[in-house]
Each structure stands twice: as structure tokens, then as C-alpha cells.
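Enquirer:
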Amino acid sequence: MTVAEELHFGRAADRLHIVQPAVSQQVRKLERELGVELFDRSPRTVRLTAAGRLFLPEARAVLAAEARARDVVASLNRTVLRLGTSDGLGEHLDRVLDRLSFEVELVSAATQARLDRVRAGELDATFVRGVGASPGLRLIPLWQDQLTIALPVNHPLADAPSVDLADLADMPLRLAERGRNTPLHDLVVTACRAAGFDPVFGPPFTTMQDTLASIGRSDTWTVLYESHARRLPTPRVAFRRTTTPIRMTTLLAVSESSPPKYLDELLRACDHDS
9 MTVAEELHFG RAADRLHIVQ PAVSQQVRKL ERELGVELFD RSPRTVRLTA
59 AGRLFLPEAR AVLAAEARAR DVVASLNRTV LRLGTSDGLG EHLDRVLDRL
109 SFEVELVSAA TQARLDRVRA GELDATFVRG VGASPGLRLI PLWQDQLTIA
159 LPVNHPLADA PSVDLADLAD MPLRLAERGR NTPLHDLVVT ACRAAGFDPV
209 FGPPFTTMQD TLASIGRSDT WTVLYESHAR RLPTPRVAFR RTTTPIRMTT
259 LLAVSESSPP KYLDELLRAC DHDS
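Throughout the sequence shown, residue numbering follows the working numbering, covering 9 to 282 in sequence.
#1: With contact counted as at least three CB pairs below 8 angstroms, one residue from each stretch, are the region 172 to 189 and the region 208 to 217 in contact?
#2: Between the C-alpha atoms of residue 282 and residue 107, what's the straight-line distance to the nearest angstrom?
#3: By how many angstroms is the C-alpha of residue 46 removed from the C-alpha of residue 116?
#4: Straight-line CA distance for residue 168 to residue 197?
#5: Less than 8 angstroms between the beta carbons of residue 157 and residue 250, yes or no?
#6: Report the option in 216, 272, 175, 244 whose CA atom is closest to the CA atom of residue 204.
#7: Taking the C-alpha atoms as reference points, what is the distance between residue 27 and residue 262?
#8: Just to confirm my understanding: we take residue 88, look at its own chain, exclude 5 residues before and 5 after, and list those with CB closer than 8 angstroms. What are they?
#9: Which residues in the same chain as residue 39 place their Cβ atom closer than 7 angstroms to its Cβ, once the five residues preceding and following it in sequence are excluded?
#10: List the whole-angstrom C-beta distance separating residue 252 from residue 151, where the pair is believed to meet the contact cut-off of C-beta under 8 angstroms.
#11: Roughly how many whole angstroms lie between the Cα atoms of residue 148 and residue 171?
#12: What is the rounded straight-line gap between the Cα of residue 166 and the Cα of residue 138?
#13: Over the uninterrupted alpha helix (DSSP H) stretch that includes residue 201, give me the two end residues.
#14: Taking 8 angstroms as the threshold (C-beta atoms), are residue 243 and residue 161 in contact?
#15: Could you pull out every residue in the same chain whose Cβ sits closer than 6 angstroms to the Cβ of residue 99, ignoring the five residues on either side in sequence?
#16: Can you look up residue 31 in the DSSP assignment and give me helix, strand or coil?
#17: First and last residue of the alpha helix (DSSP H) that includes residue 119?
#18: Going by C-alpha distance, which of 131, 124, 230 is nearest residue 246?
#19: Report the three-state DSSP secondary structure of residue 148 (helix, strand or coil).
#20: In this structure, how does DSSP classify residue 274 when only helix, strand and coil are distinguished?
#21: With distances taken between CB atoms, is the gap from residue 264 to residue 123 smaller than 8 angstroms?
Structure (C-alpha cells):
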């Protein structure tokens, strides 16, 4: 192939990192096996013969098929983890991925859809929050996610090291509609009631970008996972912890009957104390 591409034995030898006589010997051996001459050699030029021109595309096809076959066999030995993700994992997800020694395919979908796909064997595992016992699945607690308050940077509370939820009672709260994230919605509302008030809801939380941009220009607030908030460049929004911590547990859901063979390594990657 290399001689046919270069039409020069010396340049072909350079590309193959072998000496020219070895190239000539291999070509002559192939010609003897085929019973035809593939190259017309002269002192100054090397050209493909008619047989060589017919042989070249077939040789290319054989080499391409060999490469595909090698790729298929290699893929059988390559570990790919199909991992469902949750919103707001932030630095947690980065740390897990940095610790894994195998390839990871990240899949985003609604919580129930991800759980169903783990149950069906279409995902190896998924991160989830706020879910109870699920038939056929094992739920493994991983870490506690701290929630942080997002409020306008020019609000008086933005200068405090932490915020008492009761001080936000008169400010509209921006949360996604309950059906979109029931566990988070209920957790925040419960925390507000424990602080002595029912929250006044403002416009719903839409996208991260639009909601934070709106908060930076209005007297409203929302909550974010702290691990995610630390990565957000938002000069008009301040992030503050609550005086009484609000936390939610992140879980790993895997099949109860056929967990992934690399579950132990995945759990070690999720262990933030190691």
C-alpha cells in the first residue's frame, strides 16, 4: 500500500521506518504469491501495472475491514459506564469523573425516566435526590448537598456571612413548579415553614441563566446547590448559606439484581472522604 501511494521505494521505506531492500523484498514476495507484477520499475520511475491498479482498491478494502474488526474486538474490552446525572451536581460530578479509570457516557433525563432506564438495563447507574424505595433498585447514599441562597448582590442580607430564612419572609421566592422538582420544592417550603412563614412565590425558576439574571435586577431569591453555585460567575447575585443548614442527600441508584461490575470503583470515586 505504501509503495503504491508513494510510487517510490525509498520514500515508502522512510514512511515505514525500514530499509529500502526490505520493502523491495516484501513487494517481490507478494508478487510471487499473486503470480503477477504489481509495479513497473524503471531506473527513474515506479508505476502501477494494470494488475496493480486492480489490486490496490481491493487491498485498501481488506485493510479497512481489518481495522474495523480490530475496533470491534477492542470495544468488547472497553469499559463504558452509562451514568445518569442530576441537575446541580457541579463539583461533585467533576470529582467523580476525574477519579474513574474508564470511559463514562453521561445521560440527562427526568428522574423517573433515569430510574426506569436503570431498571431496564439501559443505564448502569444514576445520581438521584429525594426519591424513596424503588422496586428492583438499590439506592446508595453518597453525600449531603448543602443548599445556598441566591439573592441580589445589593440586598442588605448579601453582606451577612449567612442568612436566616425568616429574614426572607417578605421576598418572593423563585422555585421551579413543584411538578418539575418535587423533592427540592418540598424541602425548601418545609424549611421556610420551620422558620415561621409560608413563602411568597414569585415568577417560577426557568433556566439558571435567566433566573439569576432576573434576581440580580429584582428583589427576589432562590436556592441552588452550593457545589453548583461555586462555579457560577454572577456579579449581580450573592450566594449565602442559611443559618440553619438545608441539605439534601444525593443517592446512587443501581440495579438490585445486576449491579454494574465496576460499582466498587464508582463508589470509591464518589467517596469524598477518601
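Backbone N, C-alpha and C define an ideal beta-carbon position, used for all residues, glycine too.
Expert: Straight from the coordinates:
#1: yes
#2: Any reading at residue 282 is ruled out, since the residue's pLDDT is 46, under 50, leaving its predicted position unreliable.
#3: 55 angstroms
#4: One C-alpha to the other measures close to 22 angstroms.
#5: The Cβ atoms of residue 157 and residue 250 sit closer than 8 angstroms to each other.
#6: 175
#7: Roughly 56 angstroms separates the two Cα atoms.
#8: 110, 111, 112, 113
#9: 45, 46
#10: At roughly 19 angstroms, the Cβ-Cβ gap does not stay under 8 angstroms, so residue 252 and residue 151 are not in contact.
#11: Answer to the nearest angstrom: the Cα atoms are 31 angstroms apart.
#12: 29 angstroms
#13: 190 to 202
#14: yes
#15: 235
#16: helix
#17: 119 to 127
#18: 230
#19: Of the three classes helix, strand and coil, the one that applies to residue 148 here is strand, per DSSP.
#20: helix
#21: no
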